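In structure tokens:
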């Protein structure tokens with residue numbers, strides 16, 4: 008299966024998104040197709056052996072939309088030395104033009120600079136420099152403008168085009184409205200009204216001027232007709248179809264009234280002109296679309312901020328030279344120099360120098376981290392105080408920053424289950440509205456024999472019912488919510504995670520590395536009479552040398568501190584959830600928890616009381632048995648994170664049950680739990696049983712989140728309704744989780760839940776308004792109030808204003824989420 | 683920013699110019715005044731249907747269209763000069779209104795110009811100082827056509843009754859059917875009742891005139907209803 012994301016152009020409402028989903032979904036070989044109306048992207052999964060990407064693109068185009076190509080175009084200005092005349096400039100231009108991937112090259116002899124536009128996929132800046140050098144000139148240090156953000160440019164272009172169209176529609180629409188509505192604003196008698204345009208004296212003048220004013224507006228809104236009628240005749244009407252049908256009905260009826268006035272001399276028909284309805288509807292909808300496009304741009308500001316973190320250039324060491332090259336030309340293996348205050352351009356490993364690196368933009372950790380040769384550093388982090396050289400290990404889309412951006416982008420493009428209802432409604436909404444509009448118009452005509460009234464109702468129903476707000480309600484809030492999460496270092500992997508998180512009523516924390524720092528230290532060594540402390544530590548540390556368990560590592564570190572020389576080990580074996588066994592100098596060793604001792608039938612004997620005491624102090628006793636006889640206990644304690652207690656307090660105050668799960672013995676677990684305020688403890692749980700414990704909680708009808716960091720937590724993270732991996736954890740944990748916390752601060756857990764709750768509340772508000780506009784607007788537009796109580800009808804112009812307002816209000820509400828602040832004082 | 687503002691202002695000016703231009707061009711290229719044109723032809727059709735066609739008053743140089751019952755008449759100028767007081771007017775018998783309580787002393791003087799000589803009241807207006815210029819023979823129709831040209835705004839279409847009308851004074855009109863084949867009120871004299879009621883007339887007691895609400899439109903197209911004294915005639 009192959010996965011692709013395509014940028015789609017020409018969509019105007021949620022019905023368009025459904026239409027594309029349906030069209031693409033019908034292709035043979037498509038596994039899934041999902042269109043996000045807010046991001047205007049199609050995520051498609053397909054069988055590459057049965058279907059080519061071009062087939063999918065063709066289908067989209069056939070359906071009436073565009074596939075937007077995103078060729079990353081770059082431009083660079085290269086100062087050139089050695090030119091003596093205009094012919095030199097021409098020669099350089101020619102040389103640059105021959106480089107594959109160069110789109111245009113222009114050399115200014117006066118400024119001695121070449122401006123080159125090129126595709127960075129095909130041409131590198133070094134190739135451009137080489138071409139200049141080969142032509143006999145000197146290529147000086149290039150100034151490369153950042154890669155052109157085509158998506159941003161496209162959006163800006165779209166906003167400009169919409170603004171231009173709206174301006175045209177407003178300029179022609181305002182006098183048209185004034186002309187048509189003059190009779191309704193008679194109380195503004197002092198406003199001038201040309202005598203030669205009085206409808207009952209000069210009806211033809213009145214008609215001509217109205218048509219002259221209407222035509223430019225129709226041209227400005229021509230997309231509504233080209234897209235709308237195409238969709239209508241293809242059997243999948245969308246929002247454009249409603250506007251196109253509604254305004255066309257108004258225009259056609261007005262043209263008929265004009266004909267009747269002029270050629271049948273039924274001058275009373277001049278009162279039946281509705282050009283202004285069509286014109287003002289288009290103007291208002293263009294205004295709504297313009298505001299919508301501007302607001303949509305703001306919803307993705309968080310991702311733009313992330314993208315802006317990366318530096319544009321890197322200083323590469325080549326021989327003795329320092330060469331500044333564009334970031335996309337850095338290759339794995341390049342040695343890069345970063346001076347104090349400089350940004351790390353790509354991921355790598357330090358080869359020379361020491362420094363403190365500020366990683367707050369990635370991890371949220373406010374204190375700079377000391378880095379030395381051999382340590383990893385990451386793109387976009389800041390070198391604080393030392394000169395360092397490092398070898399690039401991950402570049403381009405492989406850097407940690409790029410991965411985070413991709414994660415956020417994917418999440419923003421994904422759908423939440425709550426969107427399903429809006430999707431279903433959007434899918435059937437437009438055809439239903441068409442039927443309602445026709446039925447209402449026919450009923451009113453039958454009831455009153457008034458064509459004008461029937462037409463007004465027909466147009467009003469079509470216009471008020473445009474479902475754009477419905478299509479925007481969920482994705483815009485998810486975009487802002489996930490973006491806001493990224494700002495706080497909380498990466499939601501999708502809309503579903505964001506939605507489910509707000510339902511969480513139980514959180515299970517893994518102990519080691521989650522509630523605690525995960526760097527335990529040896530605190531006590533208790534021995535039997537047959538061995539001394541040093542020998543016990545040496546044997547157990549030698550045995551644990553091959554272990555990756557944090558407790559084992561603590562023992563190894565202690566031995567290293569004591570400068571003990573490790574002994575050779577044979578037959579090492581990790582006993583999952585229990586400990587290890589090994590043989591050293593013909594002595595068989597078991598090192599592990601109490602369960603291991605029980606399983607092997609080893610009695611604790613005289614150390615039983617010490618064991619209980621240590622566990623009661625929150626320390627983890629590691630039992631060391633030599634040749635199946637307990638030789639001693641090494642107690643290891645982990646430091647509780649500063650934020651754990653506060654985070655758990657906030658969670659409990661939020662009404663969430665907090666549990667702790669650990670493989671540790673019950674006494675130790677209880678001691679830690681008491682320290683941080685947890686009242687439900689799941690202790691002595693084997694790694695493979697962690698997911699079962701989560702399942703048991705779920706069987707109590709709880710919505711369970713699991714917070715963990717280790718490989719052993721991965722099954723539980725998957726089993727939980729929401730898996731939350733903390734940033735210092737393993738890749739496997741992060742892969743398995745639904746939410747990744749970029750830093751190790753547990754306060755981010757309540758923040759994630761609060762953000763989810765805020766986002767879902769925002770989505771519900773959006774959906775309420777979107778549905779309210781339509782459910783209240785349609786009956787009013789259909790004349791129900793008039794029929795029942797002789798109440799008001801909805802003028803088509805007011806319908807258009809209300810419809811535009813609905814989209815704008817939904818977007819404005821979604822943008823309110825940008826002001827989200829976690830409440831830590833609950 | 684400045685350029686954009688100038689651009690927008692230019693666009694608005696262009697728009698205004700375009701609207702005026704289109705309207706004037708349309709007028710110049712072909713006559714867009716379809717009401718003015720058809721009002722004259724239907725006026726002729728109405729006159730042709732009268733048993734007693736309009737006659738000219740040689741003294742006043744005015745055409746007189748007398749209602750079939752003889753109680754009202756529409757006068758319009760055949761020649762216009764600066765010393766004349768009124769160029770179009772409607773005159774009607776004072777008697778029905780006096781019988782209905784009219785105190786003649788309360789009427790404005792200009793309404794009583796014909797009272798002594800003819801026992802009639804009158805309402806009318808001065809059109810222009812410009813002389814009427816005829817291409818050919820002076821007839822009732824050609825004079826009416828001149829008046830339409832001279833003061834086009836006095837002639838309009840009354841959609842509710844499918845009538846054309848000429849306003850002889852504020853709220854006082856003479857209307858005629860656009861299409862007599864489809865109308866039972868081919869000629870209607872319309873009086874604004876306010877001045878008469880203010881002078882003591884009880885509308886319910888006026889004989890020979892109907893007192894009714896009439897749907898009307900103002901110059902901007904606003905629809906409203908107003909009470910009028912009406913004297914309608916079916917000329918068929």
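Chains as they are written, first to last, in my numbering: chain A, 8 to 833; chain B, 683 to 918. We put the beta carbon where it would ideally sit given N, CA and C, even for glycine. Predicted model only: the values in this text are computed from it and were never measured.
Looking only at its chain, what residues have a beta carbon closer than 6 Å to the beta carbon of residue i, apart from the 5 residues adjacent to it on each side?
i, result
"residue 172 of chain A", "227, 293"
"residue 401 of chain A", "354"
"residue 304 of chain A", "162"
"residue 688 of chain A", "667, 676, 677, 680"
"residue 440 of chain A", "472"
Taking 7 Å as the CB-CB cut-off, is residue i touching chain B?
i, result
"residue 205 of chain A", "yes"
"residue 264 of chain A", "no"
"residue 217 of chain A", "no"
"residue 811 of chain A", "no"
"residue 190 of chain A", "yes"
"residue 448 of chain A", "no"
"residue 855 of chain A", "Since the first residue of chain A shown is 8 and the last is 833, residue 855 of chain A is not available in this structure."
"residue 839 of chain A", "Because chain A is modelled from 8 through 833, residue 839 of chain A falls outside the range shown and cannot be assessed."
Taking Cβ positions only, does residue i come closer than 7 Å to chain A?
i, result
"residue 717 of chain B", "yes"
"residue 903 of chain B", "yes"
"residue 899 of chain B", "yes"
"residue 841 of chain B", "yes"
"residue 836 of chain B", "no"
"residue 770 of chain B", "no"
"residue 714 of chain B", "yes"
Quick check: what's the CA-CA separation for residue i versus residue j?
i, j, result
"residue 75 of chain A", "residue 131 of chain A", "24 Å"
"residue 787 of chain A", "residue 799 of chain A", "8 Å"
"residue 890 of chain B", "residue 779 of chain B", "10 Å"
"residue 705 of chain A", "residue 167 of chain A", "52 Å"
"residue 334 of chain A", "residue 255 of chain A", "53 Å"
"residue 767 of chain B", "residue 887 of chain B", "32 Å"
"residue 268 of chain A", "residue 192 of chain A", "24 Å"
"residue 70 of chain A", "residue 21 of chain A", "15 Å"
"residue 769 of chain A", "residue 415 of chain A", "19 Å"
"residue 815 of chain A", "residue 51 of chain A", "29 Å"
"residue 170 of chain A", "residue 430 of chain A", "29 Å"
"residue 503 of chain A", "residue 621 of chain A", "43 Å"
"residue 291 of chain A", "residue 807 of chain A", "6 Å"
Would you mind sorting residue i into buried or exposed? The rule is 16 or more other CB atoms within 10 Å of its CB.
i, result
"residue 745 of chain B", "buried"
"residue 206 of chain A", "buried"
"residue 616 of chain A", "exposed"
"residue 757 of chain B", "buried"
"residue 35 of chain A", "exposed"
"residue 61 of chain A", "exposed"
"residue 280 of chain A", "buried"
"residue 859 of chain B", "buried"
"residue 208 of chain A", "buried"
"residue 672 of chain A", "buried"
Within the 7 Å Cβ cut-off, does residue i reach chain E?
i, result
"residue 282 of chain A", "In the structure shown, chain E does not exist; the protein chains are A and B."
Can you list, in chain order, the residues of its chain with a C-beta nearer than 7 Å to that of residue i? Leave out the 5 residues immediately preceding and following it.
i, result
"residue 582 of chain A", "588, 599, 603"
"residue 624 of chain A", "678"
CB-CB under 8 Å to residue i, same chain, minus the five flanking residues each way: which ones, in chain order?
i, result
"residue 347 of chain A", "362, 390, 391, 392, 393, 394"
Evaluate the contact criterion for the segment 691 to 709 of chain A versus the segment 721 to 736 of chain A: three or more CB pairs, one atom per stretch, below 8 Å.
yes
Any contact between the segment 744 to 759 of chain A and the segment 561 to 581 of chain A? By contact I mean 3 or more CB pairs, one from each, below 8 Å.
no
Does the segment 264 to 277 of chain A come close enough to the segment 233 to 251 of chain A to have 3 or more Cβ pairs within less than 8 Å?
no
Would you call the segment 631 to 639 of chain A in contact with the segment 534 to 545 of chain A, where contact means no fewer than 3 C-beta pairs closer than 8 Å?
yes
Is the segment 214 to 231 of chain A touching the segment 172 to 188 of chain A in the sense that three or more CB pairs, one from each, lie closer than 8 Å?
yes
Pairs of beta-carbons, one from the segment 830 to 846 of chain B and one from the segment 711 to 721 of chain B, closer than 8 Å: are there three or more?
yes
Below 8 Å, can you find three or more Cβ-Cβ pairs linking the segment 656 to 671 of chain A to the segment 505 to 521 of chain A?
yes
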